[in-house]
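Those letters in the sequence shown? Residues -9 to 198, by this note's numbering.
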Amino acid sequence: TKKTFQAIIQPAVDVDYFNSKEKKFNNWNIQETINFLTVARLHWKKGLEYTLQALAVLKEKNISFHYTIIGEGQERERLIFATHQLGLDDQVTFAGLVPHQNILKYYEDADIYLQYSIQEGFCNAVLEAQAMGLLTIVSNAEGLPENVIHNKTGWVVPKMKPIILSKFVIDVINLDKKNKISLNAQKRVLRKFDLDNQTKLFNAFYSF
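Here it is as structure tokens:
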């Protein structure tokens, strides 16, 4: 009888590197600045314009925030123009390409990670954000609902719906169990998406 290899080899991240002390999220007040982060190439598939539209709603509600986008791509000029049109010049930073060894600081400084893609695979940046304890909000594009467990390790929002995204963000800001969600995400990444575990599975696959 022919044997089959049945293990699923998941994407993985270096949890020794992307590893933060347990984040502590207190109840934010309207004067505190909330730091959002996205790591993505500047492409229409990443849904960044919808993200900006959602954040413009937060500004209208006098919620103080700053949004950093790490990445480069063909949509840069259009997204900068969209930022200006939405009146978000003071709230948005396009950080460009950041060497991987320097990216940890951005995760450490962020509170909420946004990956509101129109099309997306599994997305390792989302795993990195969860490993760092960020509150993570993603769209329901392709692999993202497998990456984030809705209401347990983060939140999954219907794609291309910026008003709905803005409501979810506000709900997360006001949520009492932020610390629990953050810790759930860290534990799950450590348990399921550790690079060492992935290496062992690949070794088992190629020696099968």
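Every residue, glycine too, gets a C-beta built ideally from N, C-alpha and C.
{"Asked": "Bridge partners - residue 56, DSSP secondary structure assignment", "Found": "25"}
{"Asked": "Three-state secondary structure (DSSP) of residue 184", "Found": "strand"}
{"Asked": "DSSP-derived helix/strand/coil call for residue 197", "Found": "With a pLDDT of only 46 at residue 197, under the threshold of 50, the placement of this residue in the model should not be trusted, and no figure is reported."}
{"Asked": "Cβ neighbours of residue 51 in the same chain (closer than 8 Å, five flanking residues each side left out)", "Found": "160"}
{"Asked": "Contacts around residue 180, its chain only, beta-carbon distance under 6 Å, and the 5 residues preceding and following it disregarded", "Found": "5"}
{"Asked": "Same chain, Cβ closer than 6 Å to residue 174, neighbours up to 5 away in sequence not counted", "Found": "142 and 143"}
{"Asked": "Simplified DSSP assignment, three categories, for residue 112", "Found": "coil"}
{"Asked": "Distance, residue 116 Cα to residue 123 Cα", "Found": "11 Å"}
{"Asked": "Environment of residue 67 [buried if 16+ CB atoms lie within 10 Å]", "Found": "exposed"}
{"Asked": "First and last residue of the uninterrupted beta strand (DSSP E) at residue 156", "Found": "Here residue 156 belongs to no beta strand (DSSP E); instead the alpha helix (DSSP H) covers 152 to 163."}
{"Asked": "C-beta contact flag for residue 102 and residue 171 at 8 Å", "Found": "no"}
{"Asked": "Cβ pair residue 209, residue 155 closer than 8 Å", "Found": "Nothing about residue 209 can be reported from this structure: the residues present for the chain run from -9 to 198 only."}
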